[in-house]
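Structure record follows, encoded as structure tokens.
Protein chains: 2
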Amino acid sequence: MTVSANPLLSDRDVDFQLYEVLDAPALCALPAFSEHSRETFELVLGNVRRFSREVLFPTYRMMDAEPPVFRDGRVHAHPLMRKLYPQLVELGLLTASRPPEVGGQQLPLTLYSMASAYLMAANLSAYAYVGLTIGAAHLLEAFGTPWLREQFMTRMYRGEWTGTMALTEPQAGSSLGDVKARAFPAEDGSYRISGSKIFISGGDQDFTENVVHLTLARIEGAPPGTRGISLFAVPSRRPEGDRLVDNDVRVAGVIHKIGWRGMPSLALNYGEEGDCRGWLVGEANRGLACMFQMMNEARIMVGLNGVATASVAYHEALAYARSRPQGRSAGAKDALQPQTPIIEHADVRRMLLRQKAIVEGGLSLLAATSVQADLAAHSPDEETRKRAGLLLDLLTPVAKTFPAEKGFEANVLALQVHGGYGYSSEYLPEAWLRDQKLNSIHEGTTGIQGLDLLGRKVVAAGGAALQAFSEEVLATVARARQAGVHGPWCAAMEASLEAVLELTMSLGAMGMAGEVEQMLRHSADYMELFSILAVAWRWLAQAAAAREGLAKGGESQEFYEGKLRAAQYWFATEVPRVKPLVKLCSSGEDSYTGMRPEWF
Amino acid sequence: MTVSANPLLSDRDVDFQLYEVLDAPALCALPAFSEHSRETFELVLGNVRRFSREVLFPTYRMMDAEPPVFRDGRVHAHPLMRKLYPQLVELGLLTASRPPEVGGQQLPLTLYSMASAYLMAANLSAYAYVGLTIGAAHLLEAFGTPWLREQFMTRMYRGEWTGTMALTEPQAGSSLGDVKARAFPAEDGSYRISGSKIFISGGDQDFTENVVHLTLARIEGAPPGTRGISLFAVPSRRPEGDRLVDNDVRVAGVIHKIGWRGMPSLALNYGEEGDCRGWLVGEANRGLACMFQMMNEARIMVGLNGVATASVAYHEALAYARSRPQGRSAGAKDALQPQTPIIEHADVRRMLLRQKAIVEGGLSLLAATSVQADLAAHSPDEETRKRAGLLLDLLTPVAKTFPAEKGFEANVLALQVHGGYGYSSEYLPEAWLRDQKLNSIHEGTTGIQGLDLLGRKVVAAGGAALQAFSEEVLATVARARQAGVHGPWCAAMEASLEAVLELTMSLGAMGMAGEVEQMLRHSADYMELFSILAVAWRWLAQAAAAREGLAKGGESQEFYEGKLRAAQYWFATEVPRVKPLVKLCSSGEDSYTGMRPEWF
């Protein structure tokens, strides 16, 4: 009795975010996007929606059930990938946001984000091959030599080869400064690479002829720690003349992941036979700096994945709640009457409304963050670029973490709505729950995002980043007031913002006084706090747009009423947590920093 | 690199709960337990600890990896069960808390609860066969005819047969009033049973010769709804003379559960060939009343399972955090220095301390609830029995829900502490995460527990239940003050209690005025609120006992310091949520009750 027609995301909501909450087509006024218009947006979204629902989503369960197989030294992806990957390439995804010089369409990231959310919701593993290839090729585009761009990047963008990010080593997970893989300069200008990597997503497959690993390693004699790490392009098979020959990158094992099961996560050994060649990307010893330039975009993609994975589960739960009869409304106890759909029960609606608030609040945050990314990269005005860059840096850890953490909570609720059926693998919610869990771990754990937000981002540029955020929030409050949004929400938004600003200044002062440990003590609580605030900002913006829409009349009245209820939910249940969290973060409370390991 | 020596639960903590926070051996002053003493407690716990660690825990992973198989119409349990079940029986578990008349030892439930937590933490599926058999046999003990007791109950208590609870039907999950299975009186005094059941845990196996299903069905002509449901004992094979013959109970399918994978969950068909016989248990049409008399104990067992499943994962995470080197402490950036164990990172300690607060707070709540169950069943004083019964009824939904919901959160944190490794099935945290999820669903979902707590339990007996709870909390505050516990915690406890009492009275008044929908609007938030309060009570009691212990000196100083830090954590991070939650529950906030299905 699985519900099959899942919209993945609400089209009405995506349009609402792009055209009513934001004015995304206005980005087309920037020279970089001047070829585009709202018509392009609709065309791209139309194609992606159709493909995601009709082609990609039906493959999800099969790929989850049959993970890639490691046999005879090679990884064999699900046979479906031989068909799917060319279709994903044909859709133009690999170069959608890249410039025409490399064959791209240069669409705004804002549009690409929304489009990719559908693909992720439909089948995140199939899409991940694309996403990783884009990331790897983009590094070559930004830092590679002309030879590397021609030999490697072009083939990756054309869909002939795929790419990976090969950072992690068994002894160095979050601590990249401890990477040990080595690189010895060779006479031909390449390097001989040796070492081991782990958790390499898409590290091998059999549906394209080659995989290029963007690999962190230390050049012989480099300084220890983060300052001695370089970036290399290391293909599984290297070009020699017209042929590809084995490049001594071996699959050492497959990790049995609990989710993202359509894509392999591998342990790789480089140079077991001393014949692994890599090519330096960017300057020697500047490998981490190169990686970090791509980090915002990578983290936005994780955030989108969080939203997408929560969204597809939310829509499944919603359809189930509408169709599953069970019990009767409070008061109506007549057992001869038919049972009512469970959506009639207040507690089921609570679970659905919480999911809606998380999913659509998260999507709105990602859309707003993507706009800043577009402005930061493409505004012709330097001041605008700088300010947008600060906002992008500030919002990114929140846009990565909120969907990962609260999206997981939404996935739990989607399972719970299904009752006992949710606990069985005949139904899909448990699969999305497994998928979602990775998002709090990869691309910087939630703990690391908290340190990044509080220790760097909110105190950046002498407070200019936070100042810019504050202006954005206050502009939204003004818009909401103008639109006639419930006054107490506007007041709560202002008061919450002020409380967070004040807290941040006092924590920043601690940091400047050298009390870093004390400043960062509650970085996890601060992340929670800032997430509530940032999502309240997005719900206020949505409430404003809903009020504006209602004033215009038309067909979307029910949609707007739903938006106002979800905004109400956020302001009634989450925003009141700001005050106690501010108090906690400023209290000097030291239970866990003071807890000694031997006391556990 | 899995960490293998897992203590399951901390022995020191279990002893602390039994002998320092509570005075559990004082229960032996009751006539029913007069044969026992602290020595019995230690003997029982010693056996269970040894068996759980040495025999049961090593089987967990194998049974999770190879669920029971449905072949040729029969379910074949993991072959290990053929050895394990007799060992579990030999340990005396089936009748540990039963009276001597049925061959039992009549141990206090308080002791049995703590002992069973070890077994559940070691291998919940293996133990579940025992737990279900006890529940089914106990129903026969309480309501069965002498013939049923002799024929069925005795064999179940002896470990020769197992038992199940067969309540749920596909169209009637939480809504038992909609059960459709039918029973026709036959001339021999038995009934002919027909119908279908689903999610029947342990519904078939091949390690004992028979399974008895305590089955809800309607006798031909019974009134509709909950008042027409009767309870029957329906064996898979029925006794005829000296033989067992097939009783026409068929396995219709196996549900692929995501956890508890060592135990099958089945769809059963009764009477496909018209030859299924059942025997009435208790009075006709009073089946639900019989079931509900066992409900407190069943829900306490679910709560224990939640604690146990969170506990084993917490101890795994703790050991991992102590042994896994990664990164360096804040400030120490010298890459030539060795990496530190991750327990040195404040955010890892936060995750561990939160787990500790949930696990040990939950265990303390279950121990306190079990004491009330013992007093309610066995105190010679009627007033005491009545008061304890009210407390038991009040605490049970909280003791079931808190470990299910917050225990799941603890399991998520245990996975997160393991980083990328936690996302792989080579490590155990993901398995316990899957196991834990069932606890918010079975034996009454979290939503149903919230309605039970607010709609029935806290307003029971004209407020007498809440009054008794309030007395218990205030007695603990007095003890804490006496022991020198941090004054502000005592004050916060009193203030929180008062706020919850006041809220409850105003909600109760709504209910009496007939505004039931409005009264119950925030039942989920009320459950959250009451859980924070109840666990704060238990942490205050633990802080008092820790202070008393510290004053005595001795070897446990580090243990007590850890207890005080965990209490501090609860009072600093959870108790401040009481105020906004009280406000939310009394605000009339109507976002989800007012959200119409078509607005989603």
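Here the protein sequences line up with chains A and Y, keeping their order.
Just so you know, we're using UniProt numbering here: the first sequence kicks off at 1 and counts up by one.
Just so you know, we're using UniProt numbering here: the second sequence kicks off at 1 and counts up by one.
Think of the CB as a built atom: it goes at the ideal place given N, C-alpha and C, for glycine as much as any other residue.
Residue i CB to nearest chain Y CB: under 8 angstroms?
{"i": "Thr401 (chain A)", "result": "no"}
{"i": "Phe199 (chain A)", "result": "yes"}
{"i": "Phe70 (chain A)", "result": "no"}
{"i": "Trp432 (chain A)", "result": "no"}
{"i": "Arg322 (chain A)", "result": "yes"}
{"i": "Asn296 (chain A)", "result": "no"}
{"i": "Met493 (chain A)", "result": "no"}
{"i": "Asp347 (chain A)", "result": "yes"}
{"i": "His486 (chain A)", "result": "no"}
{"i": "Lys386 (chain A)", "result": "no"}
{"i": "Pro7 (chain A)", "result": "no"}
{"i": "Gly407 (chain A)", "result": "no"}
{"i": "Leu352 (chain A)", "result": "yes"}
Can a CB atom of chain A be found closer than 8 angstroms to the CB of residue i?
{"i": "Arg218 (chain Y)", "result": "no"}
{"i": "Ser174 (chain Y)", "result": "yes"}
{"i": "Ala121 (chain Y)", "result": "no"}
{"i": "Tyr19 (chain Y)", "result": "no"}
{"i": "Ile358 (chain Y)", "result": "no"}
{"i": "Thr168 (chain Y)", "result": "yes"}
{"i": "His36 (chain Y)", "result": "no"}
{"i": "Thr2 (chain Y)", "result": "Note that Thr2 (chain Y) has pLDDT 44, beneath the 50 cutoff, so the model's placement of it is unreliable and no number is given."}
Could you compute how far the alpha carbon of residue i sits from the alpha carbon of residue j?
{"i": "Cys585 (chain A)", "j": "Ala475 (chain Y)", "result": "32 angstroms"}
{"i": "Thr133 (chain A)", "j": "Leu268 (chain A)", "result": "18 angstroms"}
{"i": "Arg565 (chain A)", "j": "Val75 (chain Y)", "result": "49 angstroms"}
{"i": "Phe41 (chain Y)", "j": "Ala509 (chain A)", "result": "55 angstroms"}
{"i": "Val102 (chain Y)", "j": "Met295 (chain Y)", "result": "21 angstroms"}
{"i": "Tyr421 (chain Y)", "j": "Asp204 (chain A)", "result": "20 angstroms"}
{"i": "Pro403 (chain A)", "j": "Leu366 (chain A)", "result": "9 angstroms"}
{"i": "Ser379 (chain Y)", "j": "Phe559 (chain Y)", "result": "34 angstroms"}
{"i": "Ser175 (chain Y)", "j": "Val459 (chain A)", "result": "54 angstroms"}
{"i": "Tyr592 (chain A)", "j": "Arg350 (chain Y)", "result": "5 angstroms"}
{"i": "Gly450 (chain Y)", "j": "Lys180 (chain A)", "result": "53 angstroms"}
{"i": "Ser113 (chain A)", "j": "Ala121 (chain A)", "result": "12 angstroms"}
{"i": "Leu304 (chain A)", "j": "Ser116 (chain A)", "result": "8 angstroms"}
{"i": "residue 605 (chain A)", "j": "Phe232 (chain A)", "result": "In the structure as shown, chain A begins at 1 and stops at 600. Residue 605 (chain A) is therefore absent and cannot be evaluated."}
{"i": "Arg238 (chain Y)", "j": "Arg277 (chain Y)", "result": "8 angstroms"}
{"i": "Val3 (chain Y)", "j": "Thr401 (chain Y)", "result": "In this prediction, Val3 (chain Y) scores a pLDDT of 44, lower than 50, which makes its location untrustworthy; no coordinate-derived value is stated."}
{"i": "Asp452 (chain A)", "j": "Ile343 (chain Y)", "result": "19 angstroms"}
{"i": "Glu360 (chain Y)", "j": "Tyr85 (chain A)", "result": "50 angstroms"}
{"i": "Lys257 (chain Y)", "j": "Asn411 (chain Y)", "result": "18 angstroms"}
{"i": "Glu90 (chain Y)", "j": "Glu443 (chain Y)", "result": "28 angstroms"}
{"i": "Met1 (chain Y)", "j": "Gly419 (chain Y)", "result": "Legend: pLDDT at Met1 (chain Y) = 41, less than 50; position of this residue unreliable, value from coordinates given subsequently. Going from the Cα of Met1 (chain Y) to the Cα of Gly419 (chain Y) covers about 13 angstroms."}
List the residues that DSSP assigns as beta-bridge partners of residue i.
{"i": "Val212 (chain A)", "result": "A:Gly163, A:Pro235"}
{"i": "Asn269 (chain A)", "result": "A:Ser196, A:Arg250"}
{"i": "Lys257 (chain A)", "result": "Y:Ser424"}
{"i": "Arg243 (chain A)", "result": "A:Glu240"}
Out of the options, which has the shortest C-alpha to C-alpha gap to residue i?
{"i": "Arg479 (chain Y)", "options": "Y:Leu139, Y:Val21, Y:Gly511, Y:Tyr592", "result": "Y:Val21"}
{"i": "Pro338 (chain A)", "options": "Y:Pro224, Y:Leu139, Y:Arg182, Y:Val500", "result": "Y:Pro224"}
{"i": "His345 (chain Y)", "options": "Y:Val417, Y:Ala388, Y:Glu283, Y:Gly274", "result": "Y:Val417"}
{"i": "Trp537 (chain A)", "options": "A:Val398, A:Trp147, A:Glu515", "result": "A:Val398"}
{"i": "Arg521 (chain A)", "options": "A:Leu454, A:Tyr60, A:Arg82", "result": "A:Leu454"}
{"i": "Arg322 (chain A)", "options": "Y:Glu598, Y:Ser34, Y:Arg38, Y:Ala32", "result": "Y:Glu598"}
{"i": "Gly487 (chain A)", "options": "A:Gly362, A:Ala96, A:Gln568", "result": "A:Gln568"}
{"i": "Glu187 (chain A)", "options": "A:Trp147, A:Trp279, A:Leu124", "result": "A:Trp279"}
Residues of the region 187-215 of chain A whose Cβ lies closer than 7 angstroms to any Cβ of chain Y, in chain order: Those would be Phe199, in chain order.
Residues, ordered as in the chain, of the region 438-463 of chain A that lie near chain Y by beta-carbon distance below 8 angstroms: So the close ones are Leu438, Ser440, Ile441, His442, Thr445, Thr446, Gly447, Gly450, Leu451.
Contacting positions in the region 568-585 of chain Y - beta carbon closer than 8 angstroms to chain A: Legend: CB atoms of the region 568-585 of chain Y lying less than 8 angstroms from CB atoms of chain A belong to residues Gln568, Tyr569, Ala572, Thr573, Pro576, Arg577, Lys579, Pro580, Lys583, Leu584.
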